[in-house]
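Here's the structure we're looking at; comments come further down.
2 protein chains.
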Amino acid sequence: MAVTLKDVAERAGVSTSAVSRTFTEGASVSHKTREKVEKAASELGYSPNVLARSLTTRRTSLIGLIADNFQNPMFLEVFDQFTRSLQRRGLRPLIVNLSEATEPETSVTMLQQYSVDGVIVASSTLPRTFVEAFRTAGIPVVHSVGRPSRAPKVDVIGIDNARCGAMAAETLAARGYRRVGFLAGPQTATSTVDRARGFANELAHHHQIEAETRFCDGYSYAAGYAAMRAEIKAGPREAYFCGDDIISIGALSALRDAGLSVPGDVGLIGFNDMEMARWGVVDLTTIRQPLTEIIEASVARIVSIVADPDQPPEAMTLPCELIERGTLRPLPGDG
Amino acid sequence: MAVTLKDVAERAGVSTSAVSRTFTEGASVSHKTREKVEKAASELGYSPNVLARSLTTRRTSLIGLIADNFQNPMFLEVFDQFTRSLQRRGLRPLIVNLSEATEPETSVTMLQQYSVDGVIVASSTLPRTFVEAFRTAGIPVVHSVGRPSRAPKVDVIGIDNARCGAMAAETLAARGYRRVGFLAGPQTATSTVDRARGFANELAHHHQIEAETRFCDGYSYAAGYAAMRAEIKAGPREAYFCGDDIISIGALSALRDAGLSVPGDVGLIGFNDMEMARWGVVDLTTIRQPLTEIIEASVARIVSIVADPDQPPEAMTLPCELIERGTLRPLPGDG
DNA sequence: CGGGTGATTGCAACCGGTTGCAAGGGCCGC
DNA sequence: GCGGCCCTTGCAACCGGTTGCAATCACCCG
């Protein structure tokens with residue numbers, strides 16, 4: 031059916047090695063042979079079978095891309111950037127949607143069966159052990175949007191979540207909010223735990239501020255909406271730090287549905303600065319996570335590990351910044 | 031490095047064929063041999079190399095999934111559902127992000143090199159010829175969210191865009207709007223052209239209604255926002271049919287930013303019924319595209335074609351329905 | 001013109017599996 | 001106890017490539 035190396039070799043009147051070499055960068059082929067082969071190949075419409083090649087070269091250019099959150103629109107940006115970045119380097123993303131099953135073994139086995147060159151885990155909620163399972167299996171892996179630590183067991187690229195929590199706390203404090211809350215992500219997500227810790231630690235310096243945390247079921251609109259409904263029922267606080275922009279938007283909707291205004295009645299500060307935060311109907315004050323940089327670094331890192339697997343794992347922490355928009359009241363004396 | 035068939039065979043004291051057969055459904059192996067092999071395999075942590083196997087079986091379980099719009103949050107739902115649906119059937123999605131280059135040859139060659147079993151093109155904007163290139167190359171292909179037609183050259187699963195355009199027109203007419211507009215997608219997208227035609231044809235029955243079409247740069251928030259800005263500048267119409275929910279949301283934001291209320295000053299009806307349309311801050315009246323059904327049917331179809339490639343291509347048209355929310359004024363006499 | 005050099009080439013083994021075929025083995029009935 | 005049948009099993013060829021090695025070739029120099 032498909033045209034093979036042998037077909038080309040026959041047509042060009044050379045050995046299969048010659049053909050193979052024509053398609054292998056840096057192999058020794060004379061100009062004349064190359065011409066004959068290329069002519070035959072293009073007449074036949076030949077292109078080498080990457081999978082067969084991978085058997086001997088031990089390179090598939092396949093990269094497993096694992097994600098577990100398809101409810102958060104930010105992940106479309108994540109996919110867009112990852113797929114583009116990988117493609118630009120000639121790599122192919124093999125997607126694993128982890129929404130259904132989360133045992134590491136399944137994913138490890140599956141990606142092993144496909145001989146992926148490496149794996150990128152793009153999740154801030156998956157446990158560290160999940161990611162480590164790949165390294166244990168000898169598959170190069172990078173944890174993107176993960177939780178950096180000292181002496182990490184796998185490569186991690188992410189942000190200082192505790193620092194970000196503190197940043198949110200400072201921001202709320204500076205605006206004079208006294209009764210504040212943290213609408214956190216799921217309690218099992220390390221990112222949430224760190225943000226909560228940073229938030230609480232910073233607020234400990236501000237004795238007049240009283241804070242409370244409520245965990246959401248997930249990083250999703252529905253979870254944010256439900257959490258804010260519960261808050262409203264219990265009597266809402268003055269302002270909330272939300273563990274993710276999408277939670278903010280859920281909360282924002284719940285507030286508006288309840289006839290409360292933002293930032294008039296309640297202030298909100300989100301996290302991520304996804305594209306929707308900029309939308310006029312949302313206009314969310316938030317803490318920006320440098321997504322593009324994280325993704326670019328993750329891809330660069332996996333490429334580097336694939337090329338030289340014996341590198342010790344590193345943690346890379348990228349800086350976040352406050353993006354002020356319209357969901358918090360202005361700084362006192364600011365107009 | 032990795033453990034192979036041969037390692038297992040040696041350890042189990044059997045031939046490689048025996049091992050291969052234990053891992054092949056329906057092959058003839060005695061209970062005793064199978065036990066020995068399974069024991070050895072699990073001790074060694076063996077799992078067969080799918081790529082090597084594919085060389086002889088001619089099946090990779092790889093399905094190319096091509097998309098060209100990562101600006102529209104609806105596509106996260108599309109990815110979620112496609113990846114899950116494929117995984118459920120033991121298939122692996124190989125993503126191609128077409129945002130950068132759109133020559134069919136590149137994608138065809140690339141997917142051919144990876145011996146994908148089939149390809150799903152998930153786009154309502156890519157030209158038909160793009161999809162047909164796969165069939166020409168002998169790769170099973172399904173055009174999902176495409177434009178069904180009589181005697182299609184490739185399998186297509188989609189909706190009746192003209193009918194949907196008409197539905198939008200009827201809806202606006204019934205609510206007594208007189209000066210209406212269509213904020214269309216890109217002029218090159220067949221989906222847009224069909225919707226525009228249906229919209230215009232239906233309005234032709236309503237002589238008192240005056241309509242106009244404005245094409246957007248793409249199915250994105252930014253495009254919708256910009257288009258509505260231009261409309262406002264030119265003096266906005268009473269209501270708009272938007273070629274996509276995301277365009278509606280862009281338009282909605284532009285209207286609110288300009289101090290206009292929806293549906294008080296301007297009415298909006300969208301298209302797709304993506305999840306965000308349900309959000310409180312959006313609450314968009316829209317025409318629902320049966321995404322889940324389209325995706326499920328697309329996957330079922332590609333599986334069927336892969337199993338039996340000689341089927342003539344079919345077009346499948348699924349029904350849409352009006353979802354009434356809060357961005358159009360009520361029907362006259364409706365309260 | 002012979003020997004030496006480096007570039008080019010083909011052979012054959014190999015990558016990790018599958019599978020047609022024929023031989024071997026167990027079990028049955030007679 | 002024997003022949004026959006069917007289930008198991010291993011051999012070896014093959015899937016579509018790559019690559020070490022040795023042979024060949026062209027060319028240069030003395």
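Protein chains in written order, with our numbering: chain A, 31 to 365; chain B, 31 to 365.
No residue lacks a Cβ here, since even glycine has one placed at the ideal position from N, Cα and C.
None of these values were measured; they are calculated from a predicted model.
Euclidean distance between Cα positions of residue i and residue j
| i | j | result |
| --- | --- | --- |
| Asp338(A) | Gly356(A) | 47 Å |
| Phe53(B) | Lys36(B) | 13 Å |
| Leu213(B) | Thr220(B) | 15 Å |
| Cys350(B) | Gly168(A) | 49 Å |
| Thr17(B) | Thr113(A) | Here chain B comprises residues numbered 31 to 365, so residue 17(B) is not present and cannot be evaluated. |
| Leu358(B) | Leu298(B) | 6 Å |
| Pro170(B) | Gly176(B) | 16 Å |
| Ser45(B) | Ser145(B) | 29 Å |
| Tyr251(A) | Pro343(B) | 40 Å |
| Gly300(A) | Ala257(A) | 14 Å |
| Asp185(B) | Pro157(A) | 42 Å |
| Met346(A) | Leu95(A) | 19 Å |
| Leu352(A) | Ile187(A) | 20 Å |
| Phe245(A) | Gly215(A) | 6 Å |
| Asp287(B) | Phe160(A) | 45 Å |
| Met197(B) | Ser328(B) | 25 Å |
| Thr243(B) | Pro360(B) | 24 Å |
| Val312(B) | Gly280(A) | 11 Å |
| Asn79(A) | Ser77(B) | 23 Å |
| Ser153(A) | Phe105(A) | 10 Å |
| Phe164(B) | Glu354(B) | 39 Å |
| Val333(A) | Ile324(A) | 14 Å |
| Ile277(B) | Val138(A) | 40 Å |
Buried or exposed (CB count within 10 angstroms, at least 16 for buried), residue i
| i | result |
| --- | --- |
| Gln101(A) | buried |
| Gln319(B) | buried |
| Ser58(A) | exposed |
| His61(B) | exposed |
| Asn99(A) | buried |
| Pro362(A) | exposed |
| Thr87(A) | exposed |
| Arg119(B) | exposed |
| Gly248(B) | buried |
| Ala264(B) | exposed |
| Arg89(A) | exposed |
| Asp366(B) | Because chain B is modelled from 31 through 365, residue 366(B) falls outside the range shown and cannot be assessed. |
| Asn191(A) | buried |
| Ala204(B) | exposed |
| Glu130(B) | exposed |
| Lys66(A) | buried |
Residues that DSSP places opposite residue i in a beta bridge
| i | result |
| --- | --- |
| His173(A) | Val151(A) and Val186(A) |
| Val210(A) | Ala241(A) and Ala269(A) |
| Leu282(A) | Looking at the DSSP assignment, Leu282(A) forms no beta bridge with any residue, so it has no partner. |
| Glu351(B) | Arg318(B) |
| Ala97(A) | Asn127(A) |
| Leu92(A) | Arg122(A) |
Segment limits, beta strand (DSSP E) that includes residue i
| i | result |
| --- | --- |
| Thr316(B) | Thr316 to Arg318 |
| Ala345(A) | Ala345 to Leu348 |
| Leu290(B) | Per DSSP, Leu290(B) belongs to no beta strand (DSSP E) and is neither H nor E. |
Three-state class that DSSP yields for residue i in the structure shown
| i | result |
| --- | --- |
| Val33(A) | coil |
| Val49(B) | helix |
| Glu135(B) | helix |
| Tyr255(B) | helix |
| Arg122(B) | strand |
| Met140(B) | helix |
| Phe301(A) | strand |
| Leu361(A) | coil |
| Glu326(B) | helix |
| Ser115(B) | helix |
| Asp340(B) | coil |
Distance cut-off 7 Å: residue i Cβ against heavy atoms of the ligand PLP
| i | result |
| --- | --- |
| Arg177(A) | Looking for the ligand PLP in the displayed structure turns up nothing, as the structure carries no ligands at all. |
Residue span of the alpha helix (DSSP H) that contains residue i, given as start and end
| i | result |
| --- | --- |
| Cys194(A) | Asn191 to Ala204 |
| Phe164(B) | Arg158 to Thr166 |
| Ala70(A) | His61 to Leu74 |
| Asn231(B) | Thr220 to Ala234 |
| Ser84(B) | Val80 to Thr87 |
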